[in-house]
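Enquirer:
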Amino acid sequence: MESFQWLKDLFITTDSVAHIALLYAMVIAIGVYLGKIKIFGISLGVTFVLFAGIVAGHFGFTAPTNILTFIQDFGLILFVFMIGMQVGPGFFESFGTAGIKLNGLAATAILLNILVMFACYFIFFDTSNVNNLPMMVGTLYGAVTNTPGLGAANEALGSVFTSSTPPQIASGYACAYPLGVLGIIGATILIRYICKVRLEKEEERLHAMEQANAAQKPHQMHLEVTNSYLEGRTLLQVHDFLNRDFVCSRILHEGHVSIPNRNTVFHKGDQLYIVCAEADAEAIIAFIGPQIEVAWEKQDQPLVSKRVLVTNPKINGKTLGGMHFSSVYGVNVTRVTRQGMDLFASAGLPLQVGDRIMVVGPEDAVDRVANKMGNSIRRLDAPNIATIFVGIIMGIIFGSLPIAIPGMPVPMKLGIAGGPLIIAILIGRYGYKIKLVTYTTTSANMMLREIGLVLFLASVGIKAGAGFWSTVVQGDGLLYVLTGFLITVIPILIVGPIARIRFKFNYFTIMGMIAGTYTDPPALAYANSVCSKEAPALGYSTVYPLSMFLRIFTAQIIVLFFCG
Numbered sequence: 420m421e422s423f424q425w426l427k428d429l430f431i432t433t434d435s436v437a438h439i440a441l442l443y444a445m446v447i448a449i450g451v452y453l454g455k456i457k458i459f460g461i462s463l464g465v466t467f468v469l470f471a472g473i474v475a476g477h478f479g480f481t482a483p484t485n486i487l488t489f490i491q492d493f494g495l496i497l498f499v500f501m502i503g504m505q506v507g508p509g510f511f512e513s514f515g516t517a518g519i520k521l522n523g524l525a526a527t528a529i530l531l532n533i534l535v536m537f538a539c540y541f542i543f544f545d546t547s548n549v550n551n552l553p554m555m556v557g558t559l560y561g562a563v564t565n566t567p568g569l570g571a572a573n574e575a576l577g578s579v580f581t582s583s584t585p586p587q588i589a590s591g592y593a594c595a596y597p598l599g600v601l602g603i604i605g606a607t608i609l610i611r612y613i614c615k616v617r618l619e620k621e622e623e624r625l626h627a628m629e630q631a632n633a634a635q636k637p638h639q640m641h642l643e644v645t646n647s648y649l650e651g652r653t654l655l656q657v658h659d660f661l662n663r664d665f666v667c668s669r670i671l672h673e674g675h676v677s678i679p680n681r682n683t684v685f686h687k688g689d690q691l692y693i694v695c696a697e698a699d700a701e702a703i704i705a706f707i708g709p710q711i712e713v714a715w716e717k718q719d720q721p722l723v724s725k726r727v728l729v730t731n732p733k734i735n736g737k738t739l740g741g742m743h744f745s746s747v748y749g750v751n752v753t754r755v756t757r758q759g760m761d762l763f764a765s766a767g768l769p770l771q772v773g774d775r776i777m778v779v780g781p782e783d784a785v786d787r788v789a790n791k792m793g794n795s796i797r798r799l800d801a802p803n804i805a806t807i808f809v810g811i812i813m814g815i816i817f818g819s820l821p822i823a824i825p826g827m828p829v830p831m832k833l834g835i836a837g838g839p840l841i842i843a844i845l846i847g848r849y850g851y852k853i854k855l856v857t858y859t860t861t862s863a864n865m866m867l868r869e870i871g872l873v874l875f876l877a878s879v880g881i882k883a884g885a886g887f888w889s890t891v892v893q894g895d896g897l898l899y900v901l902t903g904f905l906i907t908v909i910p911i912l913i914v915g916p917i918a919r920i921r922f923k924f925n926y927f928t929i930m931g932m933i934a935g936t937y938t939d940p941p942a943l944a945y946a947n948s949v950c951s952k953e954a955p956a957l958g959y960s961t962v963y964p965l966s967m968f969l970r971i972f973t974a975q976i977i978v979l980f981f982c983g
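The structure is reproduced here in structure tokens:
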């Protein structure tokens, strides 16, 4: 047996690097594999790492507390920062006309989650026990399936319980989470029957809305100049007079094709290739002339259309108008593709690393533009890791700023969850202004985010495991499950019908909004499975950034105000 002493030491010597690495590897691997198991078509995903950690901690398979705390906090920082980088580019744009209403409904649901939590706390629990309210906070964030909120609450508890060990609120989270996932989907289905929704009619409404929204997409057309007013006018004069944003990428004059610039003179009979927003197409046709078929092969030199990838960091943040494509390079840019969406190439649109621009012009000129833009997939695949850590530095400093608020026992800090989140959102949206390249591939963002998440969940689970049995199984475990279910369902059954009856939102949009409010991918996956359109994903992405911010921010407010 002594020959296997090394293996025994590997499992019981808690302060060795090999033991700690083995502990995390086993907890994460087992949790991820178990999380893939589906029950009624729903899986808990990587959140099962928390439960694997609880089991490991319960049986004494653990590590030094300071090591667990460091890995937990670093994982949380990495997780929330990559979330901020992901949602940052669309965070402020989500507050359109419909976006304000959806985000208002999401904020209402978040407030109702908190109010239901406090109601359950005063009805079901002994308020004289200082540990009960923190446990209810853990239950709240399990009920709304929001792990970053759990991390923010955990951190805030550390600043409140400075003279004692903070309550391990992950137990409440673990109790409420599984039924929280099911409760979100179940309550969403119940709204369908409460509001008497017919799915086929909702699909028809979405199709009609898509037709109406098509006006925002780039529209291409061939026109002949028939308006005598345009004779002898320059492209710039026509553009200014019409007061519509459009790009003229080719002009056929007397059998010859050329790339127009702002000083190109129009003549009656000229044939144009125009790209504009679809909403402006009718006005442009009425002013310039009718649509026609054009034989663009009649040209002095071959013109090509080529998608060029922006990978040169020096281009980051420069506007299309500021690049002077037509005057300097003799080409035109007709549209920009960003994050899979086609954008009209207006002069004021700032370019970002990762954009794909459609360039039209002579082949040699297009190649010069491609060289200027970078156009290197290999360069784009290389992660801009410096931006991530510069942002984390700024986020930690920002999160450490004390904010004194009357009535609070200690100054409020955004902490290592809120600070990096806000800085990441700002960098994701405005980083190009300070020459930070914020582009990361979706797969790279997901990888870093998931690594941070599983490190955090494993650490929290291992630390909570030692007291899980006494807290949950022998204590108020079933009560946490019940209150978690109420916290999950009641706000959805209030906000969902309001969104439908008062604001007339499409049911599929409501499904996405609810999933985004609860930051719950399984609920979004269910919504996508019953809808052939993109409405659930749009509803989810519209409210997700603000919801994530509010979940993290309110977690700290609750702890600092009420748990001190």
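For the sequence shown, the residue numbers in the numbering used here are 420 to 983.
Every residue, glycine too, gets a C-beta built ideally from N, C-alpha and C.
#1: Is Ser819 helix, strand or coil when you go by DSSP?
#2: Taking just the CA atoms, how far does Leu497 sit from Ile604?
#3: Since Gln975 is in the alpha helix (DSSP H), which residue starts that stretch and which ends it?
#4: Leaving out five residues before and five after Ser951 in sequence, what residues of the same chain have Cβ atoms less than 7 Å from its Cβ?
#5: For the 8 Å Cβ check, are there 3 or more pairs between the stretch 832-849 and the stretch 803-822?
#6: If you pair each beta-carbon of the stretch 523-537 with each one of the stretch 899-906, do three or more pairs fall below 8 Å?
#7: Mapping DSSP to helix, strand and coil, what is Val900?
#8: Would you mind giving the Cβ-Cβ distance between Val750 and Val729, rounded to the nearest angstrom? I have them listed as a contact below 8 Å.
#9: Here's the rule I'm using: 16 or more other beta-carbon atoms within 10 Å means buried, otherwise exposed. How should Ala766 be labelled?
#10: Use the C-beta contact count for Val873: other C-beta atoms within 10 angstroms, 16 or more gives buried, fewer gives exposed.
#11: Have a look at Ile473 and Phe430 and give me their C-alpha separation to the nearest angstrom.
#12: Could you compute how far the alpha carbon of Val978 sits from the alpha carbon of Ala572?
#13: Please report the distance separating the alpha-carbon of Ala437 from that of Ala575.
#14: Starting from Thr784, follow the alpha helix (DSSP H) in both directions and report where the run begins and ends.
#15: Whole-angstrom Cβ separation of Asn522 and Leu965, contact assumed at under 8 Å?
#16: Taking 8 Å as the limit between beta carbons, can you name the residues of its chain near Gly577, skipping five residues before and five after?
#17: So Gln690 is in the beta strand (DSSP E); what residue range does that whole segment cover?
#18: Give me the residue from Pro941, Ser878, Tyr692 and Ala562 with the minimum Cα distance to Asn532.
#19: If Leu642 sits next to Ile704, beta carbons under 8 Å apart, how far is it from one beta carbon to the other, in whole angstroms?
#20: Tell me whether Leu429 sits in a helix, a strand or coil according to DSSP, three-state version.
#21: Could you check how far apart the C-beta atoms of Phe685 and Arg663 are, in whole angstroms? I think they sit under 8 Å.
#22: Compare the Cα-Cα distances from Leu845 to each of Tyr443, Met504 and Ile486 and report the closest residue.
#23: Assuming Ile486 contacts Ile447 under a Cβ cut-off of 8 Å, what Cβ separation, rounded to an integer in Å, is found between them?
#24: Can you give the Cα-Cα distance for Ala634 and Val694, rounded to whole angstroms?
#25: What residue range does the alpha helix (DSSP H) around Val752 cover?
#26: Have a look at Phe968 and Gln710 and give me their C-alpha separation to the nearest angstrom.
#27: For the beta strand (DSSP E) that Asn665 lies in, which residues bound it at each end?
#28: Roughly how many whole angstroms lie between the Cα atoms of Thr936 and Asp895?
#29: From the DSSP output, read off the bridge partner residues of Glu643.
#30: Compare the Cα-Cα distances from Lys615 to each of Pro916, Val788, Met865 and Met777 and report the closest residue.
#31: Taking the beta carbon of Val396 as the centre, do at least 16 other beta carbons fall within 10 Å, making it buried, or is it exposed?
#32: Under the three-state reduction of DSSP, which class applies to Asp761: helix, strand or coil?
#33: What runs of the alpha helix (DSSP H), each 4 residues or longer, lie entirely inside the stretch 560-630?
#34: What is the rounded straight-line gap between the Cα of Val809 and the Cα of Gly464?
#35: Tell me, to the nearest whole angstrom, how far the beta carbon of Ile524 is from that of Val908; I am working on the premise that it is less than 8 Å.
#36: Figure out for me which residue from Tyr540, Ile929 and Ala956 has the closest Cα to the Cα of Pro940.
Expert: The answer reads as follows:
#1: Within the sequence shown, numbered from 1, the residue matching residue 819 stands at position 400. Residue state, collapsed to three classes: coil.
#2: For the purposes of this step, residue 604 is taken as the residue at position 185 of the sequence shown. For the purposes of this step, residue 497 is taken as the residue at position 78 of the sequence shown. So the alpha carbons of these two residues sit roughly 29 Å apart.
#3: Looking up residue 975 in the sequence shown gives position 556. Counting along the chain, the alpha helix (DSSP H) containing Gln975 begins and ends at Ala954 to Phe981.
#4: Residue 951 sits at position 532 when you count from the first residue of the sequence shown. Glu622, listed in sequence order.
#5: yes
#6: yes
#7: Here residue 900 is taken as the residue at index 481 of the sequence shown, counted from 1. It is helical.
#8: As a first step, residue 750 is located in the sequence shown; it is residue number 331 there, counting from the start. As a first step, residue 729 is located in the sequence shown; it is residue number 310 there, counting from the start. Actually they do not touch by this definition, with Cβ atoms about 15 Å apart.
#9: For the purposes of this step, residue 766 is taken as residue 347 along the sequence shown, with counting starting at 1. Exposed is the call here.
#10: Walking along the sequence shown from the start, residue 873 turns up at place 454. The residue in question, Val873, is buried, as its Cβ has 16 or more Cβ neighbours within 10 Å.
#11: As a first step, residue 473 is located in the sequence shown; it is residue number 54 there, counting from the start. As a first step, residue 430 is located in the sequence shown; it is residue number 11 there, counting from the start. Distance between the alpha carbons of Ile473 and Phe430: 17 Å.
#12: As a position in the sequence shown, residue 978 is number 559, starting the count at 1. As a position in the sequence shown, residue 572 is number 153, starting the count at 1. Straight-line Cα distance between these residues: approximately 6 Å.
#13: Locating residue 437 in the sequence shown gives position 18, where the first residue counts as 1. Locating residue 575 in the sequence shown gives position 156, where the first residue counts as 1. Cα to Cα, Ala437 sits roughly 31 Å from Ala575.
#14: In the sequence shown, the residue the question calls residue 784 occupies position 365. The residue you asked about is not Thr; residue 784 is Ala in the sequence shown. Taken as a continuous stretch (DSSP letters only), the alpha helix (DSSP H) holding Ala784 covers Glu782 to Met792.
#15: Indexing the sequence shown from 1 puts residue 522 at position 103. Indexing the sequence shown from 1 puts residue 965 at position 546. Contact flag correct, Cβ pair sits at about 5 Å.
#16: On the sequence shown, residue 577 is found 158 positions in, with the first residue counted as 1. Same-chain partners within the cutoff: Pro585.
#17: Counting from 1 along the sequence shown, the entry for residue 690 is found at position 271. From DSSP, the beta strand (DSSP E) with Gln690 extends over Gln690 to Ala696.
#18: In the sequence shown, counting from the first residue as 1, residue 532 sits at position 113. Comparing Cα positions, the closest option is Ala562.
#19: Residue mapping note: residue 642 aligns to position 223 of the sequence shown, counting from 1. Residue mapping note: residue 704 aligns to position 285 of the sequence shown, counting from 1. With a Cβ gap of about 6 Å, Leu642 and Ile704 count as contacting.
#20: Walking along the sequence shown from the start, residue 429 turns up at place 10. Helix, per DSSP.
#21: In the sequence shown, residue 685 corresponds to position 266, counting from 1. In the sequence shown, residue 663 corresponds to position 244, counting from 1. About 15 Å; that fails the 8 Å criterion.
#22: Translated into the one-based positions of the sequence shown, residue 845 becomes position 426. Nearest of Tyr443, Met504 and Ile486 to Leu845, Cα basis: Met504.
#23: Here residue 486 refers to the residue found at position 67 of the sequence shown. Here residue 447 refers to the residue found at position 28 of the sequence shown. Contact flag wrong, Cβ pair sits at about 15 Å.
#24: Your numbering for residue 634 matches position 215 in the sequence shown. Your numbering for residue 694 matches position 275 in the sequence shown. Its pLDDT being 45, under 50, Ala634 is placed unreliably by the model, and nothing is read from it.
#25: Taking the first residue of the sequence shown as 1, we reach residue 752 at position 333. Run containing Val752: none in the alpha helix (DSSP H); it sits in the beta strand (DSSP E), Asn751 to Arg757.
#26: The count along the sequence shown starts at 1 and reaches residue 968 at position 549. The count along the sequence shown starts at 1 and reaches residue 710 at position 291. Roughly 49 Å separates the two Cα atoms.
#27: In the sequence shown, residue 665 corresponds to position 246, counting from 1. This sequence places Phe at residue 665; Asn is not what is there. Here the beta strand (DSSP E) through Phe665 covers Phe665 to His672.
#28: Indexing the sequence shown from 1 puts residue 936 at position 517. Indexing the sequence shown from 1 puts residue 895 at position 476. Going from the Cα of Thr936 to the Cα of Asp895 covers about 28 Å.
#29: The sequence position of residue 643 within the sequence shown is 224, counting from 1. In the DSSP output, where bridge partners are listed per residue, Glu643 has Gln690.
#30: The sequence position of residue 615 within the sequence shown is 196, counting from 1. Taking only the C-alpha atoms, the option nearest Lys615 is Pro916.
#31: The question about residue 396 has no answer here: the residues shown for the chain are numbered 420 through 983.
#32: In the sequence shown, the residue the question calls residue 761 occupies position 342. In this structure, Asp761 counts as strand in the three-state DSSP scheme.
#33: 566-579 and 589-613
#34: In the sequence shown, residue 809 corresponds to position 390, counting from 1. In the sequence shown, residue 464 corresponds to position 45, counting from 1. Going from the Cα of Val809 to the Cα of Gly464 covers about 30 Å.
#35: By 1-based counting over the sequence shown, the position of residue 524 is 105. By 1-based counting over the sequence shown, the position of residue 908 is 489. Per the sequence shown, residue 524 should be read as Leu rather than Ile. Their Cβ separation, rounded to whole angstroms, is 16 Å, which puts Leu524 and Val908 out of contact at 8 Å.
#36: If you number the sequence shown from 1, residue 940 lands on position 521. The option with the nearest alpha carbon to Pro940 is Ala956.
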